[in-house]
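Following the working numbering, the numbering of the sequence shown begins with 9 at its first residue and continues without gaps.
Every residue gets a Cβ at the ideal spot worked out from N, C-alpha and C, and that includes glycine.
Note sheet for the following structure.
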Amino acid sequence: MKRIDVFMPPLSQYGVLHHFTKKMHEALLACGMNSRLLEAKKNNPAPFIDAIFKDPPDCTLSFNGLLPDEQGRFFCDMIRIPHVACLVDSPNSYLPLTRSPYSIVTCADRSSVDFFRGIGFSNALFMPHAIESSLSFDPTNTREHDVVMLASCIDFEGVRASWKHKYSSALSEAMEEAAEIALSDQTTPYYQAFVQALDIQVNKQSGIDPKTIDFVEVLDQIEMYIRGKDRFELINAIKDAKIDLFGSADGQASWMKCLGDKRNVVFHDPVPFEQALAIMKHSKIILNSCPWIKNGGHERIFAGIASGALVITNENVYMREQFKDNESIVFYQHNKWDKVNRRVNEYLESEAKREKVVEKGRKIVHEKHTWNQRAEQLCKDLPPLLEGIHQAKKDERT
């Protein structure tokens with residue numbers, strides 16, 4: 009494998025994918041991989057296409073991948089060059105990629121890799137989020153924010169209430185059971201929990217026919233619910249410390265409406281990713297809620313720690329492998345909310361204790377969780393998959 013060309017995505021509201029793309033491209037170059045950063049201009053895509061065809065790479069890469077066009081065609085299949093879709097989000101919306109013989113997916117959660125392989129798509133790799141190796145902070149900075157959370161508001165109660173109108177009582181019950189399992193269990197992803205809950209309903213002869221279920225829609229609904237509920241209850245659990253909350257509204261539901269009587273919360277508009285990083289460098293504690301990730305890592309954890317903040321995040325299998333609770337990070341578990349409030353107070357009261365945990369965490373992040381490490385691992389993992397794709401195509405022609 010000699011070259012990986014990286015595709016710049018369209019600019020999004022917060023610029024997260026843009027940032028990830030630039031840093032991954034830099035990391036590929038740093039580990040010795042030849043790489044071009046290409047961008048397709050909406051009004052003039054010809055230079056982009058010409059660059060690929062005149063000097064084809066071994067594969068291309070983008071964050072969240074390239075979904076099919078209106079005719080169901082995949083760009084990588086048409087040009088016959090494998091494409092690596094580095095998924096930042098959950099797998100629900102990316103199932104169409106499994107129909108593309110030239111697509112490879114990377115997932116931030118090992119459970120998502122198992123999900124893809126479980127439905128017969130073997131071109132799936134584990135690649136958690138990461139941070140750039142240069143991310144650091146000025147130790148003389150004042151940390152004026154005691155506790156910060158960067159998260160959009162989700163009307164989780166409205167989401168759940170809508171199930172009774174959209175779905176049968178048996179399906180709604182299965183969805184509710186799946187959500188409760190996913191929130192209370194540190195190992196079972198919501199899609200696996202739904203399969204378990206659905207099996208129970210089918211065995212009860214409730215009248216559910218799995219063939220009639222829109223699984224993508226149902227999984228989206230469950231994920232939205234657990235995201236919204238966990239982040240709401242995490243914020244609500246903190247009774248004493250001041251929280252600076254940066255996040256957008258969900259339709260009519262805003263954080264101010266949901267938490268309006270909570271006097272220790274200061275509400276802010278959402279901020280772009282680069283500004284979020286700056287805020288982290290002035291924060292003592294960062295709250296992170298990712299109940300949909302059961303065996304992986306989110307960028308906010310690594311960025312918060314690298315920025316010198318203590319990160320309090322939900323516990324999962326992968327994070328327990330990488331960090332130790334109260335030594336290099338702080339974990340919380342859903343429904344054990346009193347413990348969260350005590351720990352926030354404890355670490356705000358002792359700067360020395362907080363900094364000791366942060367320093368151990370920073371060492372781990374810079375040794376194991378930068379884009380440089382992700383790029384190096386990707387360059388080791390890709391060649392067998394690329395060979396497999398090309399061999400499968402040769403076999404088809406013979």
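Inter-residue distance for glycine 316 and glycine 304 is about 21 angstroms (C-alpha atoms, whole angstroms). The secondary-structure analysis by DSSP pairs threonine 378 across a beta bridge with Ile139.
Per DSSP, reduced to three states, the secondary structure at leucine 25 is helical. With 16 or more other CB atoms across the displayed protein chains lying within 10 angstroms of its CB, histidine 33 is buried. In the three-state reduction of the DSSP assignment, arginine 81 falls in the coil class. Excluding its 5 nearest sequence neighbours in each direction, alanine 178 has C-beta neighbours in its own chain below 7 angstroms: Gln209, Ser214, Gly215, Ile216, listed in chain order.
In the DSSP annotation of this structure, the continuous segment of the alpha helix (DSSP H) that includes methionine 327 starts and ends at 325 to 330. Looking at Lys49, Leu69, Pro55, the one whose alpha-carbon comes closest to that of serine 43 is Leu69.
In the three-state reduction of the DSSP assignment, histidine 306 falls in the coil class. Distance between proline 280 and tyrosine 22, taken at the CA atoms: about 4 angstroms. Residue pairing for cysteine 115: DSSP places it in a beta bridge opposite Phe134. The beta-carbon distance between asparagine 324 and glutamine 194, rounded to whole angstroms, is 6 angstroms. This is short enough to meet the 8 angstroms contact definition. Here methionine 157 carries a strand assignment [DSSP, helix/strand/coil]. Taking C-beta separations shorter than 7 angstroms and ignoring five residues to either side along the sequence, the partners of methionine 264 in its chain run Phe275, following chain order. If you draw a straight line from the Cα of asparagine 149 to the Cα of lysine 292, it is about 11 angstroms long.
Taking 9 angstroms as the cut-off, the Cβ atoms of valine 352 and valine 155 count as close. Spatial neighbours of leucine 25 in its own chain (CB-CB distance under 6 angstroms, excluding positions within 5 residues in sequence) are listed in chain order as Pro17, Phe71.
Only buried fits methionine 288, as 16 or more other CB atoms lie within 10 angstroms of its CB. Counting along the chain, leucine 267 sits inside no beta strand (DSSP E); it lies in the alpha helix (DSSP H) bounded by residues 263 to 267.
About 7 angstroms separates the CB atoms of leucine 191 and lysine 237; that is less than 8 angstroms, so the two are in contact. Look at the stretch 15 to 72 and you find these whole runs of beta strand (DSSP E), each 3 residues long or longer: 67 to 71.
Under the DSSP assignment, leucine 295 falls in the beta strand (DSSP E) whose first and last residues are 291 to 296. Taking all protein chains shown into account, lysine 31 has 16 or more neighbouring C-beta atoms within 10 Å of its C-beta and is therefore buried. When the beta-carbon positions are compared, leucine 95 and phenylalanine 82 stay at least 9 angstroms from each other.
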